[in-house]
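Enquirer: In terms of my numbering, the sequence shown is residues 155 to 494. Here a beta-carbon is modelled for each residue, glycine too, at the ideal position from N, C-alpha and C. A single structure is presented below for examination.
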Amino acid sequence: MLAKKAGVPTPPGSDGVIATEQEALSVAKRIGYPVMIKAVAGGGGRGMRVAHNDVSLIKGYHTARTEAEKAFGNSGVYIEKFIENPHHIEFQILGDGRGNIIHLGERDCSVQRRNQKVVEETPSPLIENKFKKLREKMGKAAIKLAEAANYTNAGTVEFIVDDNGNYFFLEVNKRIQVEHPITEEVTGIDLVRYQIMIAMGEPLRHKQGDVQFKGHAIECRINAEDPFDEFRPSPGRIEMYYQPGGRGVRVDTHAYAGYVIPPTYDSMIGKLITYGKDRREAMDKMSRALSEFMLTGVKSTISFQQAILQDPNFRRGVYTTNFVEQLLSGARRELLDDKR
């Protein structure tokens, strides 16, 4: 595995594609439960299953393979140790294919549902408040891996981080990602433009020391789905559409009043991004912008994201990938019920 050869920390797991049930059982026995079954060609949270015992492993193995085949045309899966209650931290990279590779800082994408991101922010509260030295270590690891592959394009190196500050390589997304605008906001670098320049054969115009980070940015994915019904997609015609604006507020969308959301594609219809001089200002702008966002005719995640922005743990920057599940259960359900 390239990451291992490059000296990048990886979770224990299989050395390649799992071909049989017996091989899956053998790997799980060696590394111990719980384990994560992941599609080789996966993305968007699809083709992933957690197994806590042999029975759930066999079921998850076949389910993940079937889901991966339907979604990606590739049924290959591998297995790795499942890190419980992790933080999802990723680094934006740029490589020009000439040996020039830089990173543009991290994004914290730990607020997820069904392994799909809901809210992203940069810089990461975990790194800012608890593990500041991780930024340099993980940034160097991301570049080291990209150098080993002679990486060309914009891309993202994803890691999981445990509560002790240990980090493990997760995957590389070889494309521009949904959450790239928050990196653009804090660096002032147009990533899509850079992709075009790289495709034209131009070298990077920035060196690592040229990359400056300023302020804080948050993104909320506006999805046409019902967060109070297991995030069930809500296709249909948008009746009323009004998006917020103002200084430090950005909306990337294709939606408009009268637009018909089809049932056959991803449910995301827009991205709301706010920028502030610090995290508090970015959060306050996001809360205001969400309250001004008007979208009727279909269900949306707007009210749910308002609840996220009001949650004490989120405001303190203390959350893991289990945050959404915790928010939807127990006493906090009352806050969500008020938002319905």
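Could you tell me if I247 is buried or exposed, where buried requires 16 or more neighbouring beta carbons within 10 angstroms of its beta carbon?
Expert: With a 10 Å radius around the Cβ and a threshold of 16 neighbouring Cβ atoms, I247 comes out buried.
Enquirer: For the region 235–242 and the region 213–226, state whether three or more C-beta atom pairs, one from each stretch, are separated by less than 8 Å.
Expert: no
Enquirer: Is the separation between the beta-carbon of N228 and that of A178 shorter than 9 Å?
Expert: Taking the C-beta atoms as reference points, A178 is found no nearer than 9 Å to N228.
Enquirer: Which residues in the same chain as V346 place their Cβ atom closer than 7 Å to its Cβ, once the five residues preceding and following it in sequence are excluded?
Expert: I330
Enquirer: Short of 8 Å in beta carbon distance, which residues of its chain neighbour L156, apart from the five on each side in sequence? Order them along the chain.
Expert: L299, A302, A303
Enquirer: Just confirm the distance between the C-beta atoms of H257 and A222, as a whole number of angstroms; I'd bet it's less than 8 Å.
Expert: Not really, about 29 Å apart at Cβ, beyond 8 Å.
Enquirer: Using a Cβ-Cβ cutoff of less than 6 Å, which residues in the same chain neighbour H507 once the five nearest sequence positions on both sides are dropped?
Expert: No information on residue 507 is available, as it lies outside the stretch 155 to 494 that the chain covers here.
Enquirer: Would you tell me roughly how many angstroms separate the C-alpha atoms of G138 and A182, rounded to the nearest one?
Expert: Since the displayed the chain opens at 155 and closes at 494, residue 138 lies outside it and no answer follows.
Enquirer: Could you tell me the distance, in whole angstroms, from the CA atom of M394 to the CA atom of G451?
Expert: 7 Å
Enquirer: Tell me which same chain residues have a C-beta within less than 6 Å of the C-beta of Y396, skipping the five on either side of it?
Expert: Hits under 6 Å: M448.
Enquirer: Keeping to the same chain, check which residues put their C-beta closer than 8 Å to that of Q366; ignore five residues upstream and five downstream.
Expert: T341, G342
Enquirer: Are three or more beta carbon pairs between the region 408–419 and the region 464–481 nearer than 8 Å?
Expert: no
Enquirer: Measuring alpha carbon to alpha carbon, tell me which of R404, I423, N269 ends up nearest Y413.
Expert: I423
Enquirer: Ignore the nearest five residues each way along the sequence and tell me which others in G399's own chain have a CB closer than 8 Å to its CB.
Expert: V405
Enquirer: In its own chain, which residues sit with a C-beta less than 8 Å from the C-beta of G259, not counting the 5 before and 5 after it?
Expert: Contacts found: F245, Q246, T276, P277, R289, G293, T337, V340, T341, V365, F367.
Enquirer: Just the C-alpha distance for A173 and L444, rounded to the nearest angstrom, thanks.
Expert: 47 Å
Enquirer: I need the straight-line Cα distance from A485 to E384, nearest angstrom please.
Expert: Summary for A485: the model assigns pLDDT 43, below 50, so the residue's position carries little reliability, and this model does not support an answer.
Enquirer: Is the beta carbon of G230 closer than 9 Å to that of V171?
Expert: yes
Enquirer: Buried or exposed: which applies to K286, given that a residue is buried once 16 or more other Cβ atoms fall within 10 Å of its Cβ?
Expert: exposed
Enquirer: Take the Cβ of Q459 as the centre, count every other Cβ of all protein chains shown within 10 Å, and call the residue buried at 16 or more, exposed below.
Expert: buried
Enquirer: Which runs of the alpha helix (DSSP H) fall wholly inside the region 428–485 and span at least 4 residues, in chain order?
Expert: 433–446, 456–464, 466–470, 477–481
Enquirer: Please state the DSSP three-state secondary structure of P335.
Expert: P335: helix per DSSP, three-state reduction.
Enquirer: By DSSP, does V273 sit in helix, in strand, or in coil?
Expert: strand
Enquirer: Who are the Cβ neighbours of G161 in its own chain at under 7 Å, not counting the five residues just before and after it?
Expert: K298
Enquirer: If you follow the beta strand (DSSP E) that V315 is in, where does it begin and where does it stop?
Expert: 306–315
Enquirer: Classify K105 as buried or exposed, calling it buried when 16 or more other Cβ atoms lie within 10 Å of its own Cβ.
Expert: Here the chain has residues from 155 to 494 only, and residue 105 is not among them.
Enquirer: Measuring straight from C-alpha to C-alpha, what distance separates L463 and G363?
Expert: 33 Å
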